[in-house]
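Worksheet for the structure shown next.
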Amino acid sequence: MNQLRYSLFVLLGACSYGLHSSLVKLTTNAGYQAEQATGAQYFFGLLLLLVVVLFTKRVKLNMKQIGSLLGLGILLSLTGVFYATSIEQLSASMAIVLLFQFTWIGIVIESIYLRTFPSNLKLISIVFLWGGTLLAGGLVSGHMDWMSETKGLVFGFLAAVTFALFIFFSGKAGKGVPTIQRSLIITAGGFLTVLLFVPPTFIVDGTLTGGLWKYGLLVGLFGVVLPVILFAIGTPHIDSGTATIVGAAELPAAILSAMLILGEQITPEQATGVLLILIGIVVPQWRSKKATHPKKVYMN
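Here my numbering = 1-based position in the sequence shown + 788.
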């Protein structure tokens, strides 16, 4: 039951990321640039966590703990930067399919780390996730020219690798550090990395106070604060392969939020894809649920 509960935290974190994509679209529809949305996301995420951390438990950290948590933030922000570059070069459906390669990449990373072959349930789950991603991304009925934009393909795959590494190390870095304090350092690492790609001019040129702050609070909450905290709670208590698979909930959440928030239409093909992804997420939990109810042994 505990593993199922912690998987739920990861699921909610992934759904928060999915919702965040629609909020970014709202921000750009309001006339702001994607770079400004990304900068505001980490700026307000860091501010929100700074406020919360004042009222929560904190512990003294060593340099190894700080370095590992800053590294998580770097991986998370690089995922956003790589994905943004990919989507500039490719169609949105192509870019999302490339990003979702993190599902099998995460399984490979876990297998190498543990020096074991993935379980049959995880392999079955990957099949469902693959099929569901292709359908939900609208690529089955469309035409894919994978060689048309090498740059977009490379950066899309890099986004998948960095996100898989983020999920893998989320369960290992900073163990024993209180959740909010841990999340604050991760976000600080992400903010410092974003500043290398996004000039912080929006903070001082009037853009922030002129209206960006309203969107920045939302993208910061759903794109940084909630997912980082929820991943921090859940990933240390489940294996990284399962965390990667559960993280695939981001795509169904993105599609559903696009329908509810942006008014986009979901095709039957996409709806089928979402269903397959949900099945793929549930499959690895069967063994966990069964393991929590061992058979009773009767003795004479």
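By construction, the Cβ of each residue, glycine as well, lies at the ideal position given by its N, Cα and C atoms. All values reported here derive from a predicted model rather than from experimental measurement.
Do Ala-883 and Ala-1041 have their CB atoms nearer than 8 Å?
-> One-based indexing of the sequence shown puts residue 883 at position 95. One-based indexing of the sequence shown puts residue 1041 at position 253. Not a contact, by the Cβ cut-off of 8 Å.
Quick one: what does DSSP say Arg-903 is sitting in, helix, strand or coil?
-> What you label residue 903 is simply residue 115 of the sequence shown in a count that begins at 1. Reduced to three states, the DSSP call for Arg-903 is coil.
Using a Cβ-Cβ cut-off of 7 Å (strictly less than) and excluding sequence neighbours within five positions of Val-982, which residues of its own chain qualify?
-> On the sequence shown, position 194 is the one that residue 982 refers to. Counting only Cβ-Cβ distances below 7 Å, and skipping sequence neighbours, we find Thr-826, Gly-827, Tyr-830 and Ser-865.
For Leu-860, count neighbouring C-beta atoms within 10 Å of its own C-beta (all shown protein chains included) and say buried if the count is 16 or more, exposed if not.
-> As a first step, residue 860 is located in the sequence shown; it is residue number 72 there, counting from the start. By the neighbour-count rule (16 or more Cβ atoms within 10 Å), Leu-860 is buried.
According to the neighbour-count rule (16 or more other Cβ atoms, all chains shown, within 10 Å of its Cβ), is Arg-970 buried or exposed?
-> Here the question's residue 970 lines up with position 182 in the sequence shown. In the assembly as shown, Arg-970 is a buried residue. Its beta-carbon has 16 or more other beta-carbons within 10 Å.
Check Arg-846 in the structure and name its three-state DSSP category.
-> By 1-based counting over the sequence shown, the position of residue 846 is 58. It is coil, neither helix nor strand.
So which of Gly-1029, Val-1012 and Ala-1031 has the shortest CA-CA distance to Leu-838?
-> What you label residue 838 is simply residue 50 of the sequence shown in a count that begins at 1. Nearest of Gly-1029, Val-1012 and Ala-1031 to Leu-838, Cα basis: Val-1012.
Identify whether His-1081 lies in helix, strand or coil by the three-state DSSP scheme.
-> Translated into positions along the sequence shown, residue 1081 becomes position 293. For His-1081, the pLDDT reaches just 48, beneath the cut-off of 50, and the residue's location in the model is therefore unreliable, leaving the point undetermined.
Is the Cβ-Cβ distance between Thr-1032 and Gly-894 less than 8 Å?
-> Within the sequence shown, residue 1032 is the residue found at index 244, counting from 1. Within the sequence shown, residue 894 is the residue found at index 106, counting from 1. Going by C-beta atoms, Thr-1032 is nearer than 8 Å to Gly-894.
Stretch pair the stretch 959-974 + the stretch 998-1007: three plus CB contacts closer than 8 Å | Of all C-beta pairs linking the stretch 959-974 to the stretch 998-1007, fewer than three are shorter than 8 Å, placing the two stretches out of contact.
Compute the Euclidean distance between the alpha carbons of Pro-906 and Asp-1027, then round it to the nearest angstrom.
-> For the purposes of this step, residue 906 is taken as residue 118 along the sequence shown, with counting starting at 1. For the purposes of this step, residue 1027 is taken as residue 239 along the sequence shown, with counting starting at 1. Going by the C-alpha atoms only, they are around 12 Å apart.
Start and end residues, alpha helix (DSSP H) containing Val-813 = Looking up residue 813 in the sequence shown gives position 25. The question names Val, but residue 813 is Lys in the sequence shown. From DSSP, the alpha helix (DSSP H) with Lys-813 extends over 790-817.
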